[in-house]
Amino acid sequence: MQTSEQQRSLRPRIGIPVRLSSSESTDARVVEANELFDCIVELMRDAGAEPVLLDASFTDEAGPLAAELRSLNGVLLPGGGDLDPRLYGEEATDACYDVNPDQDRLDLAVVRGSLDAGLPTLGICRGHQLLNVVYGGTLIQDMYPSAVEHNGVTTADGGLSAWAWLDVELSPDSKVAGLYGSRDSVRIASGHHQAVARVGDGLVVTAVAEDGTVEALEDPQRWVASVQWHPEASQLPEEERLAPFKAFVEVCRTLRPVG
2 MQTSEQQRSL RPRIGIPVRL SSSESTDARV VEANELFDCI VELMRDAGAE
52 PVLLDASFTD EAGPLAAELR SLNGVLLPGG GDLDPRLYGE EATDACYDVN
102 PDQDRLDLAV VRGSLDAGLP TLGICRGHQL LNVVYGGTLI QDMYPSAVEH
152 NGVTTADGGL SAWAWLDVEL SPDSKVAGLY GSRDSVRIAS GHHQAVARVG
202 DGLVVTAVAE DGTVEALEDP QRWVASVQWH PEASQLPEEE RLAPFKAFVE
252 VCRTLRPVG
């Protein structure tokens, strides 16, 4: 029987579906999403996890994916391009970008398998929107301009900043608040043009922006949570950047003991 110290020396295995968009894309948003994916993998490793990359071969929920999920301690759903609006009963508008059926199939298989297996699951940006859709919710395909910027903004020298920076309040005792040391609020790096419209059945909102945009969700019946923002943004102080990932790794270690 392993001691608690031996268990803590083992790395929880966290499944992360890979990004399937071309690394040679000329769309800066796709390039950025691929770079952020690499950042997430690195942060999970620095946080004490063993990242397990789930590729396009893991789209059959009853096949290799089911076996792989049994070996995992948690799942993280990263950002990326837009989901196909047909997944939530709408036709795509011209504002949608990088809609990739293969990516949708992979991500949907992973999240459904993760939920069926009862794995702790954290969604980031696209992953946040994906969870909402899986729970039966819908998305705003392109956000109307508001007093709150949610994407990169024009700088004084005419350039475009990577992020819009917002302060959001976190619901007390929520899962996302727990990832941030039970803080009341957090400064976030926001970079998205879509958002949650109708909240999925069984999910509760745990953070909103000043304009009402849903910034965080969770399932109160199990450890499933998501954020619209990017905790992996490299412009954040290193400890603040790493903290929520370390907290999620500890959630996975506690709820799905290693070894």
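Sequential numbering from 2 applies to the sequence shown in my numbering.
Just so you know, even glycine gets a beta-carbon here, dropped at the ideal spot from N, CA and C.
Could you work out which residue in the options is closest to residue i when comparing CA atoms only?
i, options, result
"residue 1", "93, 29, 173", "Missing from the structure shown is residue 1; the chain here goes from 2 to 260 and no further."
"residue 144", "180, 212, 29, 36", "212"
"residue 198", "119, 129, 242, 251", "129"
"residue 233", "210, 80, 97", "80"
"residue 193", "203, 200, 42, 231", "231"
"residue 73", "171, 39, 51", "51"
"residue 13", "71, 67, 59, 38", "71"
"residue 188", "174, 31, 67, 210", "210"
"residue 174", "57, 58, 95, 206", "206"
"residue 249", "240, 184, 179", "179"
"residue 239", "100, 44, 31, 18", "44"
"residue 57", "235, 100, 181, 18", "18"
"residue 30", "218, 181, 96", "96"
"residue 53", "69, 126, 186", "69"
"residue 32", "184, 163, 106, 215", "163"
"residue 244", "55, 67, 113, 184", "184"
Can you tell me whether residue i is buried or exposed, with buried defined as 16 or more other CB within 10 angstroms of its CB?
i, result
"residue 36", "exposed"
"residue 117", "exposed"
"residue 229", "buried"
"residue 190", "buried"
"residue 108", "buried"
"residue 255", "exposed"
"residue 258", "exposed"
"residue 104", "buried"
"residue 1", "Examination of residue 1 is not possible in this model, given that the chain is present from 2 through 260 alone."
"residue 252", "buried"
"residue 241", "exposed"
"residue 182", "exposed"
"residue 127", "buried"
"residue 42", "buried"
"residue 159", "Here residue 159 scores only 46 on pLDDT, less than 50, and its place in the model is too uncertain to base an answer on."
So, using beta-carbon positions, are residue i and residue j closer together than 8 Å?
i, j, result
"residue 85", "residue 102", "yes"
"residue 139", "residue 225", "no"
"residue 90", "residue 247", "no"
"residue 169", "residue 208", "yes"
"residue 76", "residue 115", "yes"
"residue 46", "residue 34", "no"
"residue 203", "residue 136", "yes"
"residue 38", "residue 111", "no"
"residue 237", "residue 227", "no"
"residue 134", "residue 88", "yes"
"residue 78", "residue 120", "no"
"residue 11", "residue 201", "no"
"residue 100", "residue 82", "yes"
"residue 40", "residue 235", "yes"
Can you check the segment 28-82 for any beta strand (DSSP E) of at least 3 residues that lies completely inside it and give the ranges in chain order? With a minimum length of 3 residues, the unbroken runs of beta strand (DSSP E) contained wholly in the segment 28-82 fall at 51-55, 75-78.
Using 8 Å as the threshold, is the segment 216-225 in touch with the segment 20-33, meaning 3 or more CB pairs across them? Flag = no, the segment 216-225 and the segment 20-33 do not touch.
Which residue spans inside the segment 104-145 form an unbroken beta strand (DSSP E) run of at least 3? If only uninterrupted beta strand (DSSP E) runs of at least 3 residues are considered, those enclosed by the segment 104-145 are 122-125.
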